[in-house]
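Note sheet for the following structure.
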Amino acid sequence: MMKTALITGATSGIGKSTAIALAKHNINLILCGRRQNRLTDLQKELSKTVSVHTLCFDVRDKGDVFSAIENLPVEFRKVDILINNAGNAHGLSSIQDGNLDDWDAMMDINVKGLLYVSKAVIPKMIKHKSGHIINIGSIAGKEVYPNGNVYCASKHAVDAINKGMRIDLNQHGIRVGAIHPGLVETEFSNVRFKGDDQKADNVYKGYTPLLPKDIADIISFVVTRPYHVNIADLIVFPTAQASSTIVTKKI
Ligand code: NDP
Ligand code: 8X3
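Okay, here's the thing in structure tokens:
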């Protein structure tokens with residue numbers, strides 16, 4: 014029987030590449046994000062291979078999250094794989110200069126949004142005594158770097174939630190694991206720097222960053238292991254990166 018994966022943040026970057034990669038493995042898809050036009054375009058592209066349903070909601074809105082997931086069409090109701098990927102950094106400032114709205118966005122989206130989506134999906138997995146949750150953390154969830162303060166806190170929270178989920182869902186036969194990327198060239202830095210594309214591009218200059226496909230390929234590998242294998246925690250860097258602050262650039 015074909016599996017179904019629900020991917021948050023499927024309109025861009027890692028989430029979009031993951032959708033494309035999972036379709037190649039014949040996994041049906043529930044694609045989530047706030048930009049319906051992008052969801053529709055991706056649905057059109059991937060529907061040639063697998064069944065695709067789109068859900069347009071902001072993960073911060075718990076009412077919308079629960080109503081979208083509880084009202085899935087019958088054929089999409091069994092969610093086998095949940096990829097908790099939606100998230101971003103908003104700003105890069107010292108703690109004393111931090112912007113309160115940025116702090117709210119990061120905690121509300123990266124932490125609370127991930128929890129709302131998980132809370133809506135987990136009962137379905139418990140009912141079927143199977144499921145696989147992959148939480149997209151970050152190297153920022155393992156280390157703290159200058160001016161990263163609240164983004165790092167949000168990803169440290171994802172790291173802790175991932176571990177907590179794995180413990181609590183163990184008795185229900187549900188696999189839980191996290192992937193923690195380093196620098197991946199996506200729209201991430203455009204969002205972090207609020208549309209300053211030059212500043213965003215500079216983040217990825219002078220070395221070869223990871224591409225979203227690199228993470229998507231790893232997610233494909235993780236979800237296609239035999240059911241007794243759970244890849245619990247994975248840090249993935251571009252070769253030029255050794256830690257959050259050590260990146261060898263040739264410029
Ligand atoms: P992108 O900006 O390319 O993608 C972010 C995705 O999250 C988009 O699809 C966006 O969709 C979705 N999203 C953001 N806010 C919300 C919201 N409020 N409600 C619903 N969806 C939302 O960045 P990446 O692909 O790089 O980021 C994906 C994940 O990877 C994030 O959790 C990020 O923290 C993590 N990560 C990224 C790294 C990098 O270097 N790029 C490194 C380590 C981790 P839409 O705007 O349509 O809602
Ligand atoms: C995204 C990578 O280095 O900006 O999580 O924290 S970094």
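Start counting at 1 in the sequence shown, then tack on 13, and there's your number in my numbering. Every residue, glycine too, gets a C-beta built ideally from N, C-alpha and C. It should be emphasised that the depicted structure is a prediction, and the values quoted were computed from it without experimental measurement.
Check: What would DSSP say about H141, mapped onto helix, strand or coil?; Outcome: helix
Check: Return the chain-ordered list of same chain residues with a C-beta closer than 8 Å to the C-beta of N160, the five sequence neighbours on each side being excluded.; Outcome: L105, S106, S107
Check: Report the CB separation of H38 from T237 in whole angstroms; it is logged as a contact under 8 Å.; Outcome: 6 Å
Check: Among residues of its own chain, excluding the 5 on either side of V63, which ones have a beta-carbon nearer than 7 Å to its beta-carbon?; Outcome: A36, N39, I40, N41, L42
Check: Are the CB atoms of G154 and V171 within a distance shorter than 9 Å?; Outcome: yes
Check: Among K218, K168, G126, which residue has its Cα nearest to the Cα of D74?; Outcome: G126
Check: Can you tell me which of W116, D93, L247, V72 puts its alpha carbon nearest to the alpha carbon of R205?; Outcome: W116
Check: So which of Q254, G111, I232, A99 has the shortest CA-CA distance to D121?; Outcome: A99
Check: Once the 5 residues before and after G150 are set aside, which same chain residues still bring their CB inside 6 Å of it?; Outcome: K168, V171, D172, A191, H193
Check: Less than 7 Å between C-beta atoms, sequence neighbours within five positions excluded: which residues of the same chain meet that for L55?; Outcome: A23, K29, A32, L44
Check: Return the Cβ separation of D93 and T199 in integer angstroms, given the expectation that the two are a contact with Cβ distance under 8 Å.; Outcome: Not really, about 25 Å apart at Cβ, beyond 8 Å.
Check: When the Cβ atoms of the region 202 to 218 are set against those of the region 227 to 247, are three or more pairs found closer than 8 Å?; Outcome: no
Check: Tell me whether D71, by its Cβ, gets closer than 8 Å to a heavy atom of the ligand NDP.; Outcome: yes
Check: Which residues end up in the neighbourhood of the ligand 8X3 when you take C-beta atoms closer than 5 Å to any of its heavy atoms?; Outcome: S151, A153
Check: For D74, which three-state DSSP category applies?; Outcome: coil
Check: Would you kindly report the start and end of the unbroken alpha helix (DSSP H) that includes G26?; Outcome: 26 to 37
Check: Quick check on this structure: which residue in N243, Y240, V249 has the alpha carbon closest to the alpha carbon of L223?; Outcome: V249
Check: Can you check DSSP and say which residues form a bridge with P194?; Outcome: V249
Check: Using the Cα positions of I187 and M138, report the straight-line distance between them to the nearest angstrom.; Outcome: 7 Å
Check: Which word fits Y129, buried or exposed, when buried means at least 16 other C-beta atoms lie within 10 angstroms of its C-beta?; Outcome: buried
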